[in-house]
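Notes for the one structure printed next.
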């Protein structure tokens with residue numbers, strides 16, 4: 170049992186409140202998963218720039234002088250430290266190099282997410298503590314997703330927390346369990362994907378990344394997941410401009426959605442949505458089994 174939330178803003182006037190709204194939604198879901206929590210915020214960067222969020226078990230050591238060491242390695246960077254995480258802003262053209270460079274100069278750090286828009290913060294602990302330590306409430310953005318975890322398939326670790334990000338500006342949160350993740354992981358490794366954990370949810374994220382690399386949009390990739398993934402699942406997924414939801418054909422995991430002229434929202438339970446502005450007049454529904462719901466800022470919402 171885990172708790173999932175997601176918020177896709179249509180109204181730009183709400184963008185400064187994204188972190189605050191999403192934080193309240195996630196904290197409400199605390200009793201669905203006390204092991205770890207995480208949030209992905211899509212907020213954009215300046216043209217030509219990209220962001221890499223990294224995590225360290227020893228931030229005082231790993232983040233000290235990181236910007237200077239990156240410059241010495243040939244990459245101009247601005248580093249913003251947030252507790253055990255740091256957000257590195259670099260030229261988007263250097264994004265493909267950063268993993269190898271960090272592996273050399275900071276081998277004990279781990280990349281939580283990267284891309285032109287996304288920042289991902291996740292740690293062991295309750296949602297209220299994760300929200301506080303990373304100052305999520307102050308963050309603005311266009312859309313975001315969050316997760317509070319009750320571990321069933323793997324150990325309680327930072328890397329095992331959600332969201333999982335396996336591609337630029339892509340991430341996934343999952344409630345449920347997959348039965349064919351080991352076979353699918355082997356297939357994806359043969360296709361060139363790499364994995365940080367043994368978590369089944371990371372396999373689902375990598376599957377979507379691989380499908381989108383073939384030219385599919387998020388909606389098409391989620392449709393393919395209904396045929397290729399076995400088990401029980403509710404996925405909420407983010408891309409640079411998109412937000413998608415899908416449940417397996419049995420749909421035994423709880424889910425509710427709400428839509429107004431200002432936003433689209435997802436919660437594992439309705440109580441996650443009750444403090445959203447205008448929720449009393451929202452269209453509220455339970456997402457259908459084996460049905461893809463997909464919104465994109467670059468397409469008609």
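In the numbering used here, the protein residues as written are 170 to 470.
By construction, the Cβ of each residue, glycine as well, lies at the ideal position given by its N, Cα and C atoms.
Tell me which residue opens and which closes the beta strand (DSSP E) that residue i is part of.
i: residue 452; result: 452-454
i: residue 447; result: Unbroken run through residue 447: none, as it is neither H nor E.
i: residue 205; result: 205-211
i: residue 465; result: 461-465
i: residue 440; result: No beta strand (DSSP E) contains residue 440, which DSSP labels as neither H nor E.
i: residue 182; result: No beta strand (DSSP E) contains residue 182, which DSSP labels as neither H nor E.
i: residue 334; result: 333-336
i: residue 340; result: 339-347
i: residue 222; result: 218-224
i: residue 315; result: 312-318
Hey, how far is the Cα of residue i from the Cα of residue j?
i: residue 318; j: residue 244; result: 36 Å
i: residue 226; j: residue 277; result: 8 Å
i: residue 350; j: residue 398; result: 8 Å
i: residue 357; j: residue 219; result: 26 Å
i: residue 359; j: residue 443; result: 45 Å
i: residue 283; j: residue 312; result: 16 Å
i: residue 268; j: residue 280; result: 8 Å
i: residue 329; j: residue 298; result: 17 Å
i: residue 470; j: residue 179; result: Note that residue 470 scores 42 on pLDDT, short of 50, meaning its location in the model is unreliable and no value can be drawn from it.
i: residue 431; j: residue 177; result: 9 Å
i: residue 325; j: residue 263; result: 33 Å
i: residue 346; j: residue 382; result: 24 Å
i: residue 434; j: residue 195; result: 12 Å
i: residue 307; j: residue 353; result: 38 Å
i: residue 377; j: residue 228; result: 31 Å
Buried or exposed: which applies to residue i, given that a residue is buried once 16 or more other Cβ atoms fall within 10 Å of its Cβ?
i: residue 181; result: exposed
i: residue 231; result: buried
i: residue 296; result: buried
i: residue 192; result: buried
i: residue 292; result: buried
i: residue 368; result: buried
How is the alpha helix (DSSP H) around residue i delimited, first residue to last?
i: residue 352; result: 350-359
i: residue 230; result: 228-231
i: residue 197; result: 187-197
What residues in its chain sit with their C-beta under 6 Å from that of residue i, if we drop five residues either side in the sequence?
i: residue 453; result: 427
i: residue 170; result: 201, 319
i: residue 420; result: 458
i: residue 429; result: 447, 451
i: residue 238; result: 274
i: residue 415; result: 391, 404, 461
Is the Cβ of residue i closer than 8 Å to any Cβ of chain D?
i: residue 454; result: The structure shown has no chain D; it contains just one protein chain.
Suppose the cutoff is 8 Å on Cβ atoms and the five residues either side in sequence are ignored; what does the same chain contact list for residue i look like?
i: residue 340; result: 209, 282, 287, 289, 314, 332, 333, 334, 374, 406, 407
If I measure Cβ to Cβ from residue i and keep anything under 7 Å in the same chain, skipping five residues before and after, which residues do I get?
i: residue 256; result: 220, 222, 249, 288
i: residue 467; result: 410
i: residue 423; result: 437, 438
i: residue 236; result: 246, 247, 248
Confirm the yes/no value for this check: CB of residue i, any heavy atom of the ligand GTP, distance under 7 Å.
i: residue 201; result: Because no ligand of any kind appears in the structure shown, any question about the ligand GTP cannot be addressed here.
inquiry  = Going residue by residue through the region 233-305, where are the continuous alpha helix (DSSP H) segments of at least 4 residues, counting only ones entirely within it?
reply    = 235-241, 267-274, 296-302
request  = With a floor of 4 residues, list each alpha helix (DSSP H) that falls wholly inside the region 354-433, ordered by position along the chain.
outcome  = 369-382, 387-397
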